[in-house]
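Here is the structure we will look at, set down as structure tokens.
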Amino acid sequence: MALSKVNFNSMNVTPSASKAIKFNSSNNGLEAGDLGGNLVLLATQTASSSATLSFTSSIDSTYKEYIFKCISMHPASDSQRFQFQADTGTNTNYNQTITSTSFRASHTEADATAGPSYKTATDQAQGTAFQTIGESTGNANDESTSGTLHVFEPSSTTFVKHFIATNNSSSAADNSQQDFKAGYFNTTTALTIVQFKMSSGNIDAGTIKMYGVLSWHLQNIIIIVLI
Amino acid sequence: MAFTKYNYNSFDLTTAASKGLSFNSDADGFETSSGGSMTLIKTLTASSSATLSFVNGSSDVVLDSTYPIYLFKFISIHPATNGADLKVGFRDGSTAYDATKTTTYFSAYHNEAGDTSGLAYDDGEDLAQSANFQNICKSIGNGNDESGSGFLYLFNPSSTTFVKHFISNAASYEANDYILNIYTAGYCNVTAAIDGVQFSMNTGNIDAGTIKLYGIKDS
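As you go down the protein sequences, you meet chains U and P in turn. Reminder that position 178 of the first sequence reads as 177 in numbering that gives the first Met the number 0, one-by-one numbering, no gaps. Reminder that position 114 of the second sequence reads as 113 in numbering that gives the first Met the number 0, one-by-one numbering, no gaps.
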């Protein structure tokens with residue numbers, strides 16, 4: 000017996016490209032909507048003795064906030080700073096002007112020292128260097144840095160572009176170091192690309208995931224019906 | 000020939016508002032499903048606004064036991080008045096945003112000239128059992144390209160047992176060309192549910208900017 004399948008236009012809803020079908024808010028009909036949650040995975044970069052990891056697409060006005068999750072970033076060389084920069088349009092120099100703050104809470108494994116401190120070595124004042132977001136990361140087999148970087152409204156052509164980063168590192172000196180960095184790209188040109196690297200040597204291993212935070216209501220789910 | 004279309008109630012499951020339809024875990028039936036863990040509830044956009052308010056049950060805002068954690072994202076907040084502070088207040092039963100709070104406030108700062116930087120606790124901005132609004136993004140410049148951005152988590156606002164904690168982190172393009180990295184945390188020292196949150200500048204309007212409210216479930 001032939002199997003009858005319901006086609007896309009068999010539902011009592013107006014089809015919309017790349018949307019799912021869901022119950023409407025009054026629960027008395029169907030409507031087209033977006034898939035997934037409000038945090039949309041856009042790209043994943045995995046390091047393998049990589050000099051840099053670059054995100055060169057999908058950074059535009061689609062999202063007002065982008066979140067980069069940096070997971071177990073392991074430097075090839077000992078005691079490295081994990082850094083990022085951005086650029087505009089088709090430029091690939093990664094040298095946008097940054098003013099930033101940098102401070103850290105640290106605690107040694109030996110419980111010998113602990114406390115917060117401002118880190119002038121890794122802040123910037125209208126600088127164009129890569130911004131450090133994780134510091135002194137060790138390269139022993141079990142050492143790495145992980146954290147989150149938020150970039151707000153990179154497509155704005157009105158405002159500077161703020162970023163906030165929090166990373167924790169297992170340092171070369173056997174400290175747990177939580178680094179707090181924040182600042183702004185002092186430009187009103189839209190940022191379109193973001194690059195990560197170590198201050199020296201390769202990124203031996205690690206994964207960076209870029210998410211967009213959606214600006215509208217989302218619900219699920221795909222509907223597939225067989226009859 | 001007439002074309003028959005399936006309606007919302009044509010499927011073998013109990014329907015639910017704003018839910019999707021998916022196969023169940025045994026792949027032998029349908030069930031309703033939701034999206035990811037973070038759900039956008041409401042977006043407010045300032046336009047020379049004195050306040051931006053999120054009130055449970057009003058204008059499609061949900062701020063109750065539906066979610067254990069709520070997240071506010073404030074993006075490119077531009078004050079009408081130079082050096083104004085973005086502040087937040089919480090509603091605990093009445094129409095006033097005057098829930099009693101005890102808070103901490105510290106920030107890292109660095110100027111564009113590169114000659115001043117530091118990390119400092121600011122006891123002028125913390126609160127001790129105060130009904131005042133809490134500063135969460137200080138001294139934002141009102142130059143055309145200046146603004147403040149950040150986020151605020153509010154935990155378990157519907158609890159009638161515990162105080163209600165909140166944690167905020169913000170970046171401010173300060174009026175004197177500093178970047179401020181601001182950390183604020185505290186609790187509403189009330190056991191009444193928090194059902195409304197209001198943002199305002201300490202002086203003048205919120206000229207422009209967006210505040211988004213998300214619910215985070217099962218977290």
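Don't be surprised by glycine CBs; every beta carbon is placed ideally from N, CA and C.
Proximal residues to residue i (C-beta, below 8 Å), its chain only, five neighbours per side dropped
i, result
"Thr-190 (chain P)", "Ser-158, Thr-159, Thr-160, Phe-161, Val-162"
"Gly-28 (chain P)", "Asp-11, Leu-12, Phe-22"
"Ala-75 (chain U)", "Ser-48, Asn-138, Met-197, Gly-200, Asn-201, Ile-202, Asp-203"
"Ser-32 (chain P)", "Lys-18, Gly-19, Leu-20, Ser-21"
"Ala-113 (chain P)", "Reading off the sequence shown, one finds Gly at residue 113 (chain P), where the question assumed Ala. Contacts found: none."
"Leu-51 (chain P)", "Leu-43, Ala-45, Gln-197, Phe-198, Ser-199, Ile-205, Ile-210"
"Thr-96 (chain U)", "Gln-125, Gly-126, Thr-127, Phe-184, Asn-185, Thr-186"
Minimum Cβ-Cβ distance from residue i to chain U less than 8 Å
i, result
"Glu-111 (chain P)", "yes"
"Gly-19 (chain P)", "yes"
"Lys-72 (chain P)", "yes"
"Thr-38 (chain P)", "yes"
"Tyr-108 (chain P)", "yes"
"Tyr-186 (chain P)", "no"
"Ala-98 (chain P)", "no"
"Ala-79 (chain P)", "no"
"Thr-103 (chain P)", "no"
Three-state secondary structure (DSSP) of residue i
i, result
"Asn-134 (chain P)", "strand"
"Asn-8 (chain U)", "helix"
"Ser-71 (chain U)", "strand"
"Asn-180 (chain P)", "strand"
"Asn-110 (chain P)", "strand"
"Asp-203 (chain U)", "strand"
"Asn-6 (chain P)", "coil"
"Ala-46 (chain U)", "strand"
"Ala-120 (chain U)", "helix"
"Ala-170 (chain P)", "strand"
"Pro-156 (chain P)", "coil"
"Phe-165 (chain P)", "strand"
"Ile-68 (chain P)", "strand"
Chain P within 8 Å of residue i, Cβ atoms only
i, result
"Ile-20 (chain U)", "yes"
"His-161 (chain U)", "yes"
"Phe-102 (chain U)", "yes"
"Phe-179 (chain U)", "yes"
"Asp-59 (chain U)", "no"
"Asn-27 (chain U)", "yes"
"Ser-155 (chain U)", "yes"
"Phe-158 (chain U)", "yes"
"His-216 (chain U)", "In this predicted model, His-216 (chain U) has a pLDDT of only 40, less than 50, meaning its place in the structure is not dependable; the value taken from the coordinates is given anyway. For His-216 (chain U), the answer is yes, since a Cβ of chain P falls inside 8 Å of its Cβ."
Contacts that residue i makes with chain P (C-beta to C-beta distance below 7 Å)
i, result
"Thr-188 (chain U)", "In chain order: nothing, as chain P lies at least about 11 Å away."
"Ser-99 (chain U)", "His-109, Ile-178"
"Phe-7 (chain U)", "Result: empty, since nearest Cβ-Cβ is about 11 Å, beyond 7 Å."
Under 9 Å by beta carbon: chain U residues contacting residue i
i, result
"Ile-135 (chain P)", "None at all; the shortest Cβ gap to chain U is about 13 Å."
Cross-chain neighbours of residue i in chain P, by beta carbon under 8 Å
i, result
"Asn-11 (chain U)", "Lys-4, Tyr-5, Asn-6, Tyr-7"
"Glu-152 (chain U)", "Ile-74, Ser-75, Ser-148"
"Glu-64 (chain U)", "Lys-72, Ile-74"
"Leu-213 (chain U)", "Leu-39"
Interface partners of residue i on chain U, CB under 8 Å
i, result
"Thr-65 (chain P)", "Within 8 Å Cβ-Cβ: nothing; Thr-65 (chain P) doesn't reach chain U, min ~14 Å."
"Thr-190 (chain P)", "Within chain U, no residue comes near Thr-190 (chain P); the closest Cβ sits about 31 Å away, beyond 8 Å."
"Gly-117 (chain P)", "Tyr-117"
"Thr-209 (chain P)", "Lys-63"
Closer than 7 Å at the beta carbon, the chain U residues around residue i
i, result
"Tyr-213 (chain P)", "Asn-37"
Distance cut-off 7 Å: residue i Cβ against heavy atoms of the ligand COA
i, result
"Gly-205 (chain U)", "As for the ligand COA, it is missing from this structure, which has no ligand bound."
Close Cβ partners of residue i (< 7 Å) along its chain, the five nearest in sequence each way excluded
i, result
"Gly-146 (chain U)", "Cys-69, Ile-132, Gly-133, Ala-164, Thr-165, Asn-166, Asn-167"
"His-216 (chain U)", "Note that His-216 (chain U) has pLDDT 40, beneath the 50 cutoff, so the model's placement of it is unreliable and the number below is only indicative. Correct list: empty, nothing qualifies."
"Asp-122 (chain U)", "Ser-99, Thr-100, Ser-101"
"Asn-264 (chain U)", "Missing from the structure shown is residue 264 (chain U); chain U here goes from 0 to 226 and no further."
"Asp-125 (chain P)", "Thr-102, Thr-103, Tyr-104"
Listed by chain order, chain P residues near residue i by CB distance under 9 Å
i, result
"Gln-79 (chain U)", "Within chain P, no residue comes near Gln-79 (chain U); the closest Cβ sits about 22 Å away, beyond 9 Å."
"Thr-112 (chain U)", "Near Thr-112 (chain U) there are no residues of chain P at all, since even the closest Cβ is about 16 Å away, more than 9 Å."
Sequence-distant residues of its chain with Cβ nearer than 6 Å to residue i (five each side left out)
i, result
"Ala-130 (chain P)", "Asp-97, Thr-99"
"Tyr-177 (chain P)", "Tyr-108, Asn-110"
"Asn-94 (chain U)", "Thr-127"
"Ala-174 (chain P)", "Asn-81, Gly-82, Ser-138, Gly-140"
"Ala-104 (chain U)", "Pro-115, Gln-177"
request  = May I ask you to list, following chain order, the residues of the segment 119-153 of chain P that have a beta carbon less than 9 Å from some beta carbon of chain U?
outcome  = Legend: CB atoms of the segment 119-153 of chain P lying less than 9 Å from CB atoms of chain U belong to residues Ala-119, Asn-143, Asp-144, Glu-145, Ser-146, Gly-147, Ser-148, Gly-149, Phe-150.
request  = Could you list the residues in the segment 160-181 of chain P with a C-beta less than 9 Å from some C-beta on chain U, going in chain order?
outcome  = Within the segment 160-181 of chain P, those residues whose Cβ lies closer than 9 Å to any Cβ of chain U are, in chain order, Asn-168, Ala-169, Ala-170, Ser-171, Tyr-172, Asp-176, Tyr-177, Ile-178, Leu-179, Asn-180, Ile-181.
query = Taking any Cβ of chain P, which residues in the segment 182-211 of chain U have a Cβ under 9 Å from it, in chain order?
reply = Listed in sequence order: Gly-182, Tyr-183, Asn-185, Thr-186, Thr-187.
inquiry  = Output needed in chain order: residues of the segment 121-141 of chain U with a Cβ under 7 Å from some Cβ in chain P.
reply    = Residues passing the 7 Å Cβ filter: Asp-122, Ala-124, Gln-125.
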